[in-house]
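Q: In the numbering used here, the protein residues as written are 81 to 476. In this text, a Cβ means the ideal position worked out from N, Cα and C, and glycines have one as well. In this text, all values refer to a predicted model and were calculated from it rather than measured experimentally.
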């Protein structure tokens, strides 16, 4: 993403409380969003028409972490328990995202997805996935037998598959550029290299200490009435450093690194090809980008600290996983691509597998919304998550 694409007149920095932006006393701002990933930018677009709003991002441009290290898949909502936030937000978000991409001419393709039962023993799991997807209200589903698959995807070796007609891919960078553009047109200010280092309660709402890294590091305080923590991997650490946040509402976070490998040469399919999911992820799957090039991933590798490097020792695990459904894979065609990280939440060592969207009803602090554990399908659900936060803010 071009650095200049997201910078407005004042976007290189935000001024401290004792300074003024042109025409405004900036000792306080009505709404402050921490994080300019796809979620933060969707929130900025949704909320910026209501009043003064700023977005603080610690990196040099938007979406450099979670939002740009994923498969860029538009999910249909197959995998998630019917009563979960992931299910409802994914299904509604998918429709919104396709409509938005079409209206704003953001590149996307509704390429479809096959979820595979590689042998007879997995057929019951595939049937259960089909039933769960129907309970979630997912449309465009069909079950394919071995004969149909042999006609459509003769390179595959599998017993049966679930076809999701509405799954697709999107250019996430162009999406983020468009969200930022609309937010700025509504008057939102985007500040890059602005690292939030402390949050404290105040009479007005919140006092946020910020380290401005552009061009020379210096600290200032910004006050706000409403605060939205959409800091991605940094969202949980911010709460642990926040004065006055209730300890019982503090999750702990681990990191699941997902490595990706490119496939050199022509892709065997222009559809998304997935094995059945496991307890920690969706399995090493084949995705294609908008240019038709294929990559495989992600796997699941548990880390205590973020590390964005591809672990090349995982190569043979990739080869073995892929050959379950593509036995003729030439392993020499695989090369390391990139790695993504997924924030995984735990309460008392018990994993939380859903999004955690905390409002005042959970933590008792008016004006504060925390978006925690926003991993897949966060990209698909971004616009729906923004709507949910808008509703929560207007309930307070």
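Leaving out five residues before and five after residue 311 in sequence, what residues of the same chain have Cβ atoms less than 6 Å from its Cβ?
A: Excluding residues within five positions, the ones whose Cβ falls inside 6 Å are 114, 115, 318.
Q: Would you tell me roughly how many angstroms separate the C-alpha atoms of residue 272 and residue 142, rounded to the nearest one?
A: Computed Cα separation, rounded: 8 Å.
Q: Counting pairs of Cβ atoms below 8 Å between the stretch 351-360 and the stretch 189-208, do you hit three or more?
A: Counting Cβ pairs under 8 Å, three or more are found: they touch.
Q: When DSSP builds the beta bridges, which residues end up paired with residue 450?
A: According to DSSP, residue 450 bridges with 309, 438.
Q: Mapping the DSSP letters down to three states, classify residue 415 as helix, strand or coil.
A: If DSSP states are grouped into helix, strand and coil, residue 415 belongs with the strands.
Q: Which residue from 449, 459, 168, 468 puts its Cα closest to that of residue 212?
A: When each option's Cα is compared against that of residue 212, the closest is 168.
Q: With a cut-off of 8 Å on the beta carbons, I'd call residue 465 and residue 122 a contact; round off their distance for me.
A: Going by Cβ atoms, the distance from residue 465 to residue 122 rounds to 7 Å, so yes, they are a contact pair.
Q: Which residue marks the beginning of the alpha helix (DSSP H) containing residue 482, and which one marks its end?
A: For residue 482 there is no data in the structure shown, the boundaries of the chain being 81 and 476.
Q: Assuming contact is defined by CB atoms lying nearer than 7 Å, are residue 462 and residue 195 in contact in what I supplied?
A: No; because the gap between Cβ atoms is not below 7 Å, this pair is not in contact.
Q: So, under 8 Å CB-CB, residue 286 and residue 279 are touching, yes? Tell me the CB distance rounded to an integer number of Å.
A: Confirmed, about 6 Å.
Q: Give me whichever residues DSSP pairs with residue 300 in a beta bridge.
A: 290.
Q: Tell me the DSSP secondary structure of residue 387 in three-state form.
A: Three-state result, residue 387: coil.
Q: Which value, in whole angstroms, describes the spacing of the CA atoms of residue 267 and residue 131?
A: If I take the Cα positions, the gap works out to 8 Å.
Q: I'd like to check one pair, residue 420 with residue 314: are the Cβ atoms closer than 7 Å?
A: No, the Cβ-Cβ distance between residue 314 and residue 420 is not below 7 Å.
Q: State yes or no: is the C-beta of residue 134 within less than 7 Å of the C-beta of residue 269?
A: Cβ atoms of residue 134 and residue 269: closer than 7 Å.
Q: Which of the three DSSP states is assigned to residue 257 in this structure?
A: Here residue 257 sits in helix by DSSP.
Q: Based on the DSSP secondary-structure assignment, which residues constitute the bridge partners of residue 111?
A: DSSP, once it has assigned bridges, lists 133, 306 as partnering residue 111.
Q: Looking only at DSSP bridge pairs, what is residue 367 linked to?
A: Residue 367 is bridged to 375.
Q: Which of the three DSSP states, helix, strand or coil, is assigned to residue 189?
A: If DSSP states are grouped into helix, strand and coil, residue 189 belongs with the strands.
Q: Just the C-alpha distance for residue 216 and residue 342, rounded to the nearest angstrom, thanks.
A: One C-alpha to the other measures close to 32 Å.
Q: Taking 6 Å as the cut-off, does the CB of residue 447 come closer than this to any heavy atom belonging to the ligand SAH?
A: In the structure on display, the ligand SAH does not appear, and there are no ligands present to speak of.
Q: Could you tell me the alpha carbon to alpha carbon distance between residue 395 and residue 150, rounded to whole angstroms?
A: Each residue's alpha carbon lies about 18 Å from the other.
Q: Going by DSSP, name the residue or residues bridged to residue 420.
A: Residue 420 pairs with 338.
Q: What are the residues that DSSP puts in a beta bridge with residue 427?
A: Per DSSP, 430.
Q: Are the Cβ atoms of residue 306 and residue 108 separated by less than 7 Å?
A: Not a contact, by the Cβ cut-off of 7 Å.
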